[in-house]
Amino acid sequence: MTVYSLKNKTFKRNLLIGAISAIAASNVWADGQVRGQLTAELSGLPLQGSRIKLEELNVSTVTARDGRFALSGIAAGDYTLSVSYLGVETLSRQVTVRDDETLISNFQIAPSKPNTEYLIVLGQAGSLNKALNRQRSADNVVSAVSADAIGQLPDTNVSEALQRLPGLSVERDQGEGRYVRVRGLGPDYNAVTINGVSLPSPDSGRRAVALDVIPSDLLEGLVVSKTLTPDMDANALGGSIDIQSLSAFDRDGMFYSFTAEGSYNDLTEESSPKLALTASDQFSIGSGEDNFGVAAGVSWYDRSFGSDNVETGGGWDFDDEGVLLEEIEQRDYTVNRERSGITLNMDYKPSDNTDLYWRNLFSRYTDSEIRLANIYEFEDGVMAGQSGVAEVERELKDRAETQEIFSTSFGGSTRAGNWTLDYRAALSESGEDEPEHVGGAVFSGSDAFDGVSFTDTVQPLLTVPASFSDASAYELDEVEWASSQTNDEERSFQLDITRDLFLGENSVQLKFGGKYREREKDNNVDVWVYEDFDEFGFSDDQLNFADYSDAAPDYSLGYFGPGINPQAVASAIAPLDKNEFYSEEDSRIEDFVVQEDVAAAYLMGRIDLGDLRLMGGVRYEDTDFNAMGTRYDGDDFSDTQASKQYDHVLPSLHARYLLGENTQLRASWSNALVRPNFEQVAPFFVIDDEEAEFGNPDLEAMESGNIDVGIEHYMGVAGVVSAFAYYKEIDNFIYQTDVAGTPGYENYDEAITFGNGDSAEVYGIELALSKQLDFLPAPFDGLLVTANATVSDSEATMSYFDEDEGAMTRTITMPSQSDTTGNLSLGYESSSFSVRLAANYKSEYLLEVGDVSDSEEDAYIDEQTQLDFSARYYVNDGVQVYFEALNLTDEPYYAYLNNRAYNAQYESYGLTFKLGLTVTNF
Numbered sequence: 005m006t007v008y009s010l011k012n013k014t015f016k017r018n019l020l021i022g023a024i025s026a027i028a029a030s031n032v033w034a035d036g037q038v039r040g041q042l043t044a045e046l047s048g049l050p051l052q053g054s055r056i057k058l059e060e061l062n063v064s065t066v067t068a069r070d071g072r073f074a075l076s077g078i079a080a081g082d083y084t085l086s087v088s089y090l091g092v093e094t095l096s097r098q099v100t101v102r103d104d105e106t107l108i109s110n111f112q113i114a115p116s117k118p119n120t121e122y123l124i125v126l127g128q129a130g131s132l133n134k135a136l137n138r139q140r141s142a143d144n145v146v147s148a149v150s151a152d153a154i155g156q157l158p159d160t161n162v163s164e165a166l167q168r169l170p171g172l173s174v175e176r177d178q179g180e181g182r183y184v185r186v187r188g189l190g191p192d193y194n195a196v197t198i199n200g201v202s203l204p205s206p207d208s209g210r211r212a213v214a215l216d217v218i219p220s221d222l223l224e225g226l227v228v229s230k231t232l233t234p235d236m237d238a239n240a241l242g243g244s245i246d247i248q249s250l251s252a253f254d255r256d257g258m259f260y261s262f263t264a265e266g267s268y269n270d271l272t273e274e275s276s277p278k279l280a281l282t283a284s285d286q287f288s289i290g291s292g293e294d295n296f297g298v299a300a301g302v303s304w305y306d307r308s309f310g311s312d313n314v315e316t317g318g319g320w321d322f323d324d325e326g327v328l329l330e331e332i333e334q335r336d337y338t339v340n341r342e343r344s345g346i347t348l349n350m351d352y353k354p355s356d357n358t359d360l361y362w363r364n365l366f367s368r369y370t371d372s373e374i375r376l377a378n379i380y381e382f383e384d385g386v387m388a389g390q391s392g393v394a395e396v397e398r399e400l401k402d403r404a405e406t407q408e409i410f411s412t413s414f415g416g417s418t419r420a421g422n423w424t425l426d427y428r429a430a431l432s433e434s435g436e437d438e439p440e441h442v443g444g445a446v447f448s449g450s451d452a453f454d455g456v457s458f459t460d461t462v463q464p465l466l467t468v469p470a471s472f473s474d475a476s477a478y479e480l481d482e483v484e485w486a487s488s489q490t491n492d493e494e495r496s497f498q499l500d501i502t503r504d505l506f507l508g509e510n511s512v513q514l515k516f517g518g519k520y521r522e523r524e525k526d527n528n529v530d531v532w533v534y535e536d537f538d539e540f541g542f543s544d545d546q547l548n549f550a551d552y553s554d555a556a557p558d559y560s561l562g563y564f565g566p567g568i569n570p571q572a573v574a575s576a577i578a579p580l581d582k583n584e585f586y587s588e589e590d591s592r593i594e595d596f597v598v599q600e601d602v603a604a605a606y607l608m609g610r611i612d613l614g615d616l617r618l619m620g621g622v623r624y625e626d627t628d629f630n631a632m633g634t635r636y637d638g639d640d641f642s643d644t645q646a647s648k649q650y651d652h653v654l655p656s657l658h659a660r661y662l663l664g665e666n667t668q669l670r671a672s673w674s675n676a677l678v679r680p681n682f683e684q685v686a687p688f689f690v691i692d693d694e695e696a697e698f699g700n701p702d703l704e705a706m707e708s709g710n711i712d713v714g715i716e717h718y719m720g721v722a723g724v725v726s727a728f729a730y731y732k733e734i735d736n737f738i739y740q741t742d743v744a745g746t747p748g749y750e751n752y753d754e755a756i757t758f759g760n761g762d763s764a765e766v767y768g769i770e771l772a773l774s775k776q777l778d779f780l781p782a783p784f785d786g787l788l789v790t791a792n793a794t795v796s797d798s799e800a801t802m803s804y805f806d807e808d809e810g811a812m813t814r815t816i817t818m819p820s821q822s823d824t825t826g827n828l829s830l831g832y833e834s835s836s837f838s839v840r841l842a843a844n845y846k847s848e849y850l851l852e853v854g855d856v857s858d859s860e861e862d863a864y865i866d867e868q869t870q871l872d873f874s875a876r877y878y879v880n881d882g883v884q885v886y887f888e889a890l891n892l893t894d895e896p897y898y899a900y901l902n903n904r905a906y907n908a909q910y911e912s913y914g915l916t917f918k919l920g921l922t923v924t925n926f
């Protein structure tokens, strides 16, 4: 793996100036242009991703999302203009190009049989066909999903829609997809953009974007770039996910879609409503015709559900006498999630050579959660089937957190002869707000309970004595009252310049540009710890659990006992003076401000050599990092600061070779980087006697060299078979470690921080197949099969210090990397209805390293298979009724400690059913 670094500022400046001058000095100017639009004949819908080619010159382009295309720098003459779109025979016509003139040549796809139009544009096959056209025509390796495809399966948010793509899987929270992994790499290693604009993370210490914040109803499509080109931000080791919102030019004329839905969760027996409305239209301004478009949408989903949980948190003791359980916890969750979003986008074409846009997306996600817990701590560890003495605490957490994401961008594209100028200014903001809430209310048992036992080490079932249910056996011991707020804001400015020309008889495109990003992230936490209540006038009766108890929750994993009333806890501490309970240590130590500015420039070129297309170039990124935090030495607080500057030069080369009309080979070599998470580099330092915990502002960015090779063969409507192999060599792998005993930390028993590993490798094979079985006789020609599988492996090296052995290393797999992920979907559709059954699978993966020196402390997530079903009935051309069922096999979430036999967490969610109505007008 090679990632180069330039330190000489003068050299960097001269390199960019020289590249710009060389391009500007070119004396090859455009003679003529060919422009047009590709649409479907009956519906008028624009078709994206079609290959447009002048056969005699071997010069080609791809239709944009509005179906339009442009070929510049064409010498006067007669040519054959061809259009290639999956599922349709290649269209061609003779055209004549004249000097300094623009030839308009529009195409419409005409159905060869009555249902061809339907298959190509609408339904399961049509939506898949759109995505495959984009994949086929891209210069790099991408996977895509269209808005129509998102609606074909019960995918509530962006992450759940992405899990259907090859090489992608999701990490779930309370059964809902939240974070996305690409080719086995965790969510912090991937970039997320909205309409090409970088999206900051609402989570306090991470770069990973929780994609459950964004409703899927407001999207036009999703594109995942698995290899990066020089004109893309380099901050993605796994892949870059672009969320594309609505545009009025995605369709022809007036469009609207309204959805009303109700869902039911069988675990909590709760019902939940959902409403969504999107609309767009085109208008004529000035002398133009349909040259101004407005697209807008709103979405609201209020979901009530819950989960039942039993977990040990890794509280096992693996000693010579057997495996002993030291601690176990029962948890009952009651959850309400309200997800809402608004989008407003405007497009304006003031002339044939200029397109302007203004894109806006706002999303709000409120997660209200009440968590009840029974915590058992055995005085001596017990084995399954044995009983022992355990101290018991009842605990309550009652909080509501709101995450918001806002993105606005203004930009456009201007064409002048062979030159194209693209420009954009953007602002993105995200944040998380947790107002004051019960962070933890603890009721401790007055005495330990004898006769506590459990059976089964995977799904432990507890047996407790009768005295466990006696409210008088517990009293209020502590209440943590807390609030927090995180803000992440990024401003960016981007300029790209493209030059189309010919080098001899070969079509060439040169492109260069720059981007500047300013990012600031801050985190503020306030914690109040209420304890020693008797010193503040509380009597024994006021502390007795009986005054705070509530109805027993509906808990399916054993006996739980009474719940805790959140209002009673809040009322008990309300008369107290908060200032007397403020915890400066818990509050200040989590506060930080991080500023990260990135300046980037790139130069790239593309050339067509017969059936071979080569694209290569280099990207340069310079990063300025500044941060503020807090140091606490056990007695005093002090402010800390850290700053750092570093840069990277990242070359890449991509090749695509056409073996035939429908078969192509791909190969690429690229370089990427991922900067450390904010919590890893925040300059905080906490000392508690001989124990310390601190961030590491000196961490190096992770760097990756990537090799990808593959083959794709397309087979008519919605048909493809592909195979890709990939290899990533990662330097400066980041992990949590204990540096106690190393130079500078000799007197510490524990010193937890983050370090850079020596290296890591990720490699795998990605297979995909989809096919509309239209070659079968009716009615079987409506069958659709899609399948994909990714098999991967990884190795990462960590270092640690052993008192007896000295410096040591250990090899692990990359966290969040599953060896196998896959999807299988069976569908059927006709002109009146469609059904689809989809299975999603991911194998076990490493969740976290508990102790860098001891593999027995490693926590893993067990394999998961989720089965979903959807059915739609088309009442008429514009009205659909649908039914969906999620998690048909009631798949639980299961984490274990080193060996699958030993529970770390078991959680079940139940099944969810949806019934809805969609009214659409094209």
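As numbered in the numbering used here, residues 5 to 926 make up the sequence shown, in order. C-beta: ideal position from N, C-alpha, C; glycine also.
Take Tyr83, set aside five residues on each side of it, and the residues of its chain with a beta-carbon closer than 6 Å to its own are Leu58, Glu60 and Val99, in chain order. Nearest to Ala842 by alpha-carbon distance, out of Leu85, Leu771, Gln37 and Arg168, is Arg168. For Pro570, no beta strand (DSSP E) run applies; the uninterrupted alpha helix (DSSP H) run containing it begins and ends at Pro570 to Ile577, by DSSP. For Ala475, same chain residues with a beta-carbon under 6 Å away, outside a window of 5 residues either side, are Phe549, Ala550 and Ser553 in chain order.
Shown here, Gln776 sits in a strand according to DSSP, grouped into three states.
Per the C-alpha coordinates, the member of Leu616, Val217 and Tyr624 positioned closest to Asn239 is Tyr624. Exposed is the label assigned to Phe784, since fewer than 16 other Cβ atoms lie within 10 Å of its Cβ. DSSP, reduced to helix, strand and coil, places Gln546 within a helical segment of the structure shown. A distance below 8 Å separates the beta carbons of Leu915 and Asn891. DSSP places Leu915 in the coil class of the three-state scheme, outside both helix and strand. Shown here, Tyr559 sits in coil according to DSSP, grouped into three states, outside any helix or strand. Annotated as distal: Ser656 and Pro354, with beta-carbon spacing of 8 Å or more. Secondary structure within the stretch 64 to 145: the alpha helix (DSSP H) runs of 4 or more consecutive residues, fully enclosed, are 120 to 125 and 127 to 141 (chain order). Residue state for Leu49 is assigned as coil, using DSSP reduced to three classes. Distance from the CA atom of Gly310 to the CA atom of Thr338, rounded to whole angstroms, is 5 Å. The beta-carbon separation of Ala604 and Lys732, rounded to 21 Å, does not stay under the 8 Å limit for a contact.
Judged by pairs of C-beta atoms under 8 Å, the stretch 433 to 440 does not touch the stretch 451 to 458, as fewer than three such pairs exist.
Apart from sequence neighbours up to five positions away, the residues of its chain that approach Phe410 with a beta-carbon distance below 6 Å are Phe366 and Glu433, ordered along the chain. By the Cβ-count criterion, Leu616 is exposed, with fewer than 16 other Cβ atoms from all chains shown falling within 10 Å of its own Cβ.
DSSP assignment within the stretch 629 to 715 yields the following whole alpha helix (DSSP H) runs of 4 residues or more, N-terminal first: 682 to 685.
Pairing Val678 with Tyr193 gives a Cβ-Cβ distance under 8 Å.
Per DSSP, the continuous beta strand (DSSP E) segment holding Arg398 begins and ends at Ser391 to Ala420.
Classified as buried, Glu164 has 16 or more neighbouring CB atoms from the shown chains inside 10 Å of its CB. Secondary structure within the stretch 469 to 526: the beta strand (DSSP E) runs of 3 or more consecutive residues, fully enclosed, are 478 to 507 (chain order). Under the three-state reduction of DSSP output, Pro191 falls in the helix class.
Beta-bridge analysis with DSSP links Met818 to no other residue. Note that the C-beta distance between Arg428 and Gln498 is below 8 Å. Taking the Cα positions, Ile108 is about 16 Å away from Thr358. According to the DSSP assignment, Asp177 belongs to the beta strand (DSSP E) that extends over Leu172 to Asp177. Excluding five sequence positions before and after Glu852, the CB atoms of its chain that fall closer than 7 Å to its own CB belong to Pro819 and Ala863, given in chain order.
For Leu166, the enclosing alpha helix (DSSP H) covers residues Val162 to Leu166. For Ala68, same chain residues with a beta-carbon under 7 Å away, outside a window of 5 residues either side, are Gln52 in chain order.
By the Cβ criterion, the stretch 675 to 692 is not in contact with the stretch 214 to 230, since fewer than three pairs of Cβ atoms, one from each stretch, lie closer than 8 Å.
When C-alpha distances from Phe779 are compared across Asp270, Val721, Leu830 and Thr813, the shortest belongs to Val721.
Excluding five sequence positions before and after Ser308, the CB atoms of its chain that fall closer than 6 Å to its own CB belong to Glu274, Ser276 and Asn340, given in chain order. Under the DSSP assignment, Arg428 falls in the beta strand (DSSP E) whose first and last residues are Trp423 to Gly449.
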